[in-house]
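Q: Per this note's numbering, the very first residue in the sequence shown carries number 767; after that it's consecutive. Virtual Cβ for every residue (Gly too), placed ideally from N, Cα, C. All of these numbers come straight from a predicted model, not from anything done at the bench.
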Amino acid sequence: MRIGFMIIQVIASLVLIISILLQSGKSAGLSGSIAGGAEQLWGKQKGRGYEELLSRVTSIGAAAFIISSLVLVYLQ
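1. Anyone know if the C-beta pair for Gly827 and Leu782 falls short of 8 Å?
2. Report the option in Phe771, Ile769, Ile784 whose CA atom is closest to the CA atom of Thr824.
3. Looking at the structure shown, is Gly791 part of a helix, part of a strand, or coil, going by DSSP?
4. Is it buried or exposed for Ser834, if we count other Cβ within 10 angstroms and need 16 for buried?
5. With a threshold of 16 other CB atoms inside 10 Å of the CB of Ala778, please say whether the residue is buried or exposed.
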């Protein structure tokens, strides 16, 4: 049972790493605040479905990682 949760934790951590690295930044510091308003006003939108999917995958991976971590601590 412990090995199963360890495998789940490794898979969840890999999913988190990949999904976070594939996401684009919301703003790029000062340059994002200067140009970001114009991009939002004039509808320069990226693929909404892709970003939503990555956000959902990140949330599920984080939940799986936290739950498996808590279970492993309890089993120890």
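A: Answer, in terms of the structure:
1. Numbered from 1 along the sequence shown, position 61 holds the residue referred to as residue 827. Numbered from 1 along the sequence shown, position 16 holds the residue referred to as residue 782. Contact: yes.
2. Working through the sequence shown from its first residue, we reach residue 824 at position 58. Out of Phe771, Ile769, Ile784, Ile784 has the C-alpha closest to the C-alpha of Thr824.
3. Your numbering for residue 791 matches position 25 in the sequence shown. It is coil, neither helix nor strand.
4. Locating residue 834 in the sequence shown gives position 68, where the first residue counts as 1. Ser834 comes out buried.
5. Within the sequence shown, the letter at position 12 stands for residue 778. Result: buried.
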